[in-house]
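The block underneath contains the structure these notes are about, expressed in C-alpha cells.
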Amino acid sequence: MKYLYSRLEKFLGVYLVTVVLFNVIPFLWFYITHYSFSDMLIHFPTVMRVDVGKYGIHPIYLSMHCSVAILFSMFILRSLKSKWKIVGVLLLDAILILFLLLYAKKGPILALMIVSTLFILFQRKRAIVRPYIFAILGLVVLMIAIPRTRNKFLELQKIEVIGEGGPTSTNIRYTIYGVAKELIYESPILGYGIGDYRDVLNKKYETTGNSVLKEGRYNTHNQFLSLLTIGGVILLLAFLGTLAINLVFATRFNNELFILVLLFYGIVMLTTNILEREAGVIYFALFFNFLSARTLFVNPSDAS
C-alpha cells in the first residue's frame, strides 16, 4: 500500500486521462459516423446513455467522473514542475469542463465549484487565488452563454411541485422529496427495508395521482432520504457516523484529497442516489476505501 500511495499522483493521472478519453472518443466517433456537430451538442448525453451499448452510462455519473477527475488534477498540478505538463493537465481540465457543461447536471457542477474553492483555501497561497477566480468567472460566463446549461440553472428560480409547474428535473425532485417525507413520517425509525422501499414509494406515487412520478418510477433522488426510507433514522445515523468518523481521521492526518472527495459526494448525494446504482456505488466505494486507508500509512509526525 505504501508503494501505491507514494505514487498517488500517477494513479490519479491515469484516472484523469481515462475519463477524458471516455468522453472524447465516443464524441468524435459518433460525430464522424452518425451525427452533425450541432446534433452532438444537443443529443450527446442521450448518446452516452443509449447508443454505446454495454458501456452506456447516465450523464449524471459521467458528470461525477468529470468533476472528480478535475479534483484529482488539482492535486497533480500541485506536484508538477514542468510548464508543459502543467499546460497539458490544464488542457485536460478544460476538456472536462466543456463536457460538464454539455451534460448540464447542476449537482456535480455546484459540488465541484464548492469543493474546488475549499481546496484553494486549504492551500493558503495567494498566487493561485487570482487564477482560480478568473477560472470560476470563466465557468460562470460559459454557464450563462450556453443555453442548455443556462436553462438548467434557471430552473432554480422557481421550484414547484409538478402539478403547479412544469416537469423539470428540479420540480420532479422537489415533488419526490415531498412524497418521500410522507413515507418517512409514517415509519421514521426502521424504514421499510431494502427489498420493499421502492415498492412502497411507487405505490405512494400512485395514491398521489401524479402520472409523471408513477410512469417514471423514480427513486428518491436524495441518498439521505433513501436511507431513511430503507432503514429509518437508525440507518441514516449509521451512515452519517461512518462519514463523520472518516472525516475526523482525514482531518487529523491532513488527508486533503479524501476530505474533498467525501465533501463532493456528500453534496451530490443531496440530489442523487449514488449508492443504489453500480455506476455510482462502485466508484464511491473505490475512492472511499482507497483514500481512507491512506491515513493508516501516514507518519504520525505528519498529522496536523
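Just so you know, we're using this note's numbering here: the sequence shown kicks off at 1306 and counts up by one.
Glycine included, every Cβ here is placed at the ideal spot set by N, Cα and C.
When rounded, the separation of the alpha-carbon atoms in G1361 and V1355 is 6 Å.
By the neighbour-count criterion, in which a residue is buried when 16 or more other Cβ atoms sit within 10 angstroms of its Cβ, H1526 is buried. Nearest to I1402 by C-alpha distance, out of L1376, I1391, L1423, is L1376. In this structure, N1476 lies near V1466, with their beta-carbon atoms less than 8 Å apart. In this structure, the CA atom of E1511 is about 13 Å from the CA atom of L1488.
Using a 10 angstroms sphere on the CB of N1578, the tally of other CB atoms reaches 16 or more, which defines it as buried. The DSSP assignment places complete alpha helix (DSSP H) segments of no fewer than 4 residues inside the region 1328-1409 at 1342-1355, 1364-1384, 1388-1408, in order along the chain. With 16 or more neighbouring CB atoms inside 10 Å of its own CB, H1370 falls in the buried class.
Going by C-alpha positions, G1536 is about 10 Å away from L1530. In this structure, S1378 lies away from L1309, with their beta-carbon atoms at least 8 Å apart. Under the three-state reduction of DSSP, K1486 is assigned to helix.
Distance from the Cα of I1451 is smallest, within the candidate group L1346, L1313, S1597, L1333, for L1346. In this model, S1516 and V1505 are separated by some 16 Å (Cα to Cα). About 7 Å separates the CB atoms of L1385 and V1394; that is less than 8 Å, so the two are in contact. For the options F1332, G1471, L1545, L1417, the alpha carbon positioned closest to that of A1374 is the one of L1417. Listed in chain order, the alpha helix (DSSP H) runs fully inside the region 1494-1553 are 1502-1513, 1516-1521, counting runs of at least 4 residues. Pairing K1410 with P1472 gives a Cβ-Cβ distance that is not under 8 Å. If you keep only unbroken alpha helix (DSSP H) runs of at least 4 residues inside the region 1408-1448, you get 1411-1428. Proximity of the region 1416-1430 to the region 1556-1576 meets the contact definition, three or more beta-carbon pairs being nearer than 8 Å.
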